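Take a look at the structure set out below.
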Amino acid sequence: MSRLLYFATVSHPELLQEALILFKHFIPHPNLYIYNLMISAFSFSSSQAIGFYKLMLLSESAFPDEHTLLALLKSPKRLSTGKQIHAHVVINGFDSHVYIQNSLIKMYFEVGEISLARMVFRYMSKHDVVSYNIMLSGYARRRLISEAIELFREMASSGTEPDQYTMVALLMCTGNLKCLLIGKAVHGFIIRRMSLGGWGLIVSNAILDMYAKCEEMNIARKLFYGFYEKDDVSWNTIISGFANIGELELASKFFSEAPRSDLISWNSLLAGYARKKDLTTIMRLFDDLLAQNIKPDKVTFIALVGTATETGVLNHGRTIHGWVVKAYGLEDAILGSALINMYSKCGKIECSHVVFEKVADKDITVWTAMIAGLAFHGHGLKSIELFREMEKQGLVPNSVTLIAALTACAHSGLVDTGNIIFENMREIYKFEPGVEHYGCMVDLLSRSGRLFEAVDLIKKMPMKPTRSVWGSILSASKAYQNTDLAEAASKALLELEPDEEVGYILLSNVYASCEQWSDCDKIREIMERKGVKKAAGCSSVVVDGVVHEFISSDKRHHKWGEISCVLCDLHRLMKVDAEVGFDIFRQFSAPDSD
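Dropping the structure here:
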C-alpha cells in the first residue's frame, strides 16, 4: 500500500485526491514514512500539510524527524505559520542541523521576513555554500545589492568556495537593479575562474540575462552568438531582452530563428507589443499561439488584458475575458483585478462590478481595483463604502488602496473623510505617506477650494513635490480664478521641469479663464523664445479589429488620401446642409407679406 501511495503522491497533482482516499480509508496506522509522504505531497498548502503533521503528533505510531520538518518548511505562506514550524524545529532538537537551518533561512525570505533570515544565518555555527547561496538569492530577489556584495566578501574571507549558483545569484542581483558596473565585475570574476573549469550553461545564461536587464543588448547579442550551446533559456533571454527595449523587429527575428518556441518566448513577444499598445499584432500573435496548441498562462492574459485596458478597445477586452474564464474561471485574484481595471478604463464600471462579485478569492488587489474603478468614474461615496467594507472583512489596505481611497475623496469633495484616511495612515495602517498620498490630499483640498491649506500641506511635505502636486494647484487656481497662486505654482513647476510645456499651458489657461489675454500672449512668446512646444494631440480608432492612430497635423497614415477626400466631401455636405437649413429658417421667420 505504501508503494501505491508513493506513486499517487509523486506522479501527478491530479492523483493527490486518490492519495487522500488511500490515506483515509486503507491505511489505519500510518507510520513515519507515510506521514512524511503526505506532508511533502501537500506542502503547497500550509493548512493541509500542518493538518497531517498534527495527525502525526496525535498518533502513537510516528514521531517527526528531520525529513518531516524539511517538508513542513516548504509550506508556509505566512510569517505566523513559519514561526510555529520554527518553534517545532527547536522543540524536536533539529535547530543545529545545517540543512534545516538553510531551509529556515529560505522560508523566512519567502514570507518576506529578511531580519529573521539574517538572524538564523548569523546564529549558525557553520555555513556551507548552500547557506551563502540562499542568502544571496534572497538578497537578489529583494534587490539588496549592497548586502549581497558584502556577504560575498564575507564568503570569500571564510574560505567557502563559490559555485555556479553563487554566481547566478550575484548576476541576478546586479541585473535586477541594472548595476552594469558591478555586473561586469562579476563577469570578470567568472572569466578568471573559468581557467579552473567552466561553470556551464546556467552561468552563461545568467550573464546573458544580466546584460539584457541592463539593456546592453549589443553585448548580449555578441555573447549569445559566442555560446557553444544554447537552450530554451538562452533563446528566451535574447528575445525578451530585445522586446523589453522596444526592438520588436529583432525580437521577432530571434523568435523565428529559435529551434522551438515555448510559452515564455511567446509571452516575451506579447509583452513587448503590449508596451507598444499594438493590440492588432497582439491578437494576431495570440491566434498563432493557440494555433500551435500552446496553452496560455496568466502572464499571457495579463499582457492581453493590459493592452485592451490601455487602448480602451472593449470588444477585444470582452474576447480576452472569455478566454480568461475558459482557462481559469474567475478564481484568480490577479486576473480578476486586471479585468476589473480593464472594464473601468473602457467606461463599463457596471461590468467591473460583475467581475468583482464573481471573483471567488478576493485579495487586496481585487478590492483595490474596484475601489479605484469607482473613484475613476466619480462614484466617491460608493468607493469609500467599499473601502469600509473591505476593512470589515479584515483586509489591511496597502499603499495603492490608500491612493485609490484618497482619489475617491478628491473626486467627490469628501474632505473630512480624506483627512481621516490620511491621518490613519500612520496611526492605524502603519504607512508613512508617500508623494502620491500627499498629491491626493493636495488635489482634494484644491478641488474643494481650500487652496491655501493645500499650499501649507505642500510646505510640510518631507519630500520634493512632483509635477502632479503643483499641477493640482494650477488646475484649481483656474477654477477659482486665483492668478497670484497660479503664478507661484507655475514658477515652482517650471523650476522642476523648465523644458516641459505643462507649466506654461496651465498658467496660460488660468489667464484665459480670467480673460487676461495680454498675459496669455506673454506666455506664448516665452514658449516660442525658449523653443518649448505643446505636444501634439493623438487619437485612435478601431476599424475591423485594426487600431489606427492619428496625430494632429500628421499626414503619414497610409490611407490619408482617401481620408482627406471623405473629409472634403463631408465638409461640402455640411455647408450645403447649413445653407439649406438657413434658408428654411429664414422662410419660417420672414414676416407675413399680407
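Letter by letter, the sequence shown follows residues 1 to 594 in UniProt numbering.
Note that beta-carbon positions come from the ideal geometry of N, C-alpha and C, so glycine has one too.
These numbers were taken from a predicted model, which means no experiment stands behind them.
Selection from the options that minimises the alpha carbon distance to residue i
i, options, result
"S399", "V415, G378, L381, F422", "F422"
"P296", "V366, L171, S261, M155", "S261"
"R141", "K230, L171, K126", "L171"
"A479", "R447, K106, V355", "R447"
"H437", "P462, G93, Y273", "P462"
"L335", "A251, G347, L304, T311", "L304"
"S204", "T237, P76, L181, E215", "T237"
"E60", "L73, L32, T81, G51", "L32"
"G378", "V359, F356, G347, E391", "G347"
"G159", "D128, N176, I145, E147", "D128"
"S344", "I364, K222, I134, L314", "L314"
"D232", "E257, C214, Y211, K222", "E257"
"I403", "I34, S383, Q393", "S383"
"N424", "P397, L414, R450, V355", "P397"
"W517", "V366, S490, T483", "T483"
"G241", "K213, K184, L223, S46", "K213"
"I34", "F44, S46, S45, Y53", "Y53"
"E247", "Y225, R275, A327", "R275"
Residue i - DSSP class collapsed to helix/strand/coil
i, result
"A327", "helix"
"N236", "helix"
"N341", "helix"
"D287", "helix"
"K430", "coil"
"A19", "helix"
"F588", "Confidence is the limiting factor: at F588 the pLDDT is only 44, short of 50, which leaves the residue's position unreliable, though a coordinate-based value still follows. F588 falls in the helix class under three-state DSSP."
"E487", "helix"
"I302", "helix"
"R450", "coil"
"M574", "helix"
"T466", "coil"
"L395", "coil"
"S125", "coil"
"residue 605", "Outside the displayed span of the chain (1 to 594) sits residue 605, for which this structure offers no information."
"M370", "helix"
"Y225", "helix"
"Y273", "helix"
"L565", "The sequence given here has Cys at residue 565, not Leu. C565 falls in the helix class under three-state DSSP."
"V435", "helix"
"L73", "coil"
"V359", "coil"
"K230", "coil"
"S593", "Legend: pLDDT at S593 = 44, less than 50; position of this residue unreliable, value from coordinates given subsequently. It is coil, neither helix nor strand."
"A405", "helix"
"Y480", "coil"
"F52", "helix"
"R388", "helix"
"D332", "coil"
"G418", "helix"
"K382", "helix"
8 Å Cβ cutoff met for residue i and residue j
i, j, result
"I458", "V435", "no"
"S412", "G439", "no"
"C179", "Y139", "no"
"L22", "A41", "no"
"V408", "L445", "Sequence inspection shows Ala at residue 408; the Val mentioned does not correspond to that position. No. Outside cutoff."
"V89", "L69", "yes"
"L104", "L55", "no"
"K277", "E310", "yes"
"I282", "T307", "yes"
"Y123", "M155", "no"
"I371", "A405", "yes"
"R143", "L177", "yes"
"F254", "I264", "no"
"K298", "D332", "yes"
"L451", "S477", "yes"
"Y211", "A220", "yes"
Sequence ranges, alpha helix (DSSP H) only - wholly within the segment 83-122, length at least 4: 98-110
Just to confirm the assignment: which complete alpha helix (DSSP H) runs, minimum length 4, are found wholly within the segment 245-271? 248-257
What runs of the beta strand (DSSP E), each 3 residues or longer, lie entirely inside the segment 127-213? none
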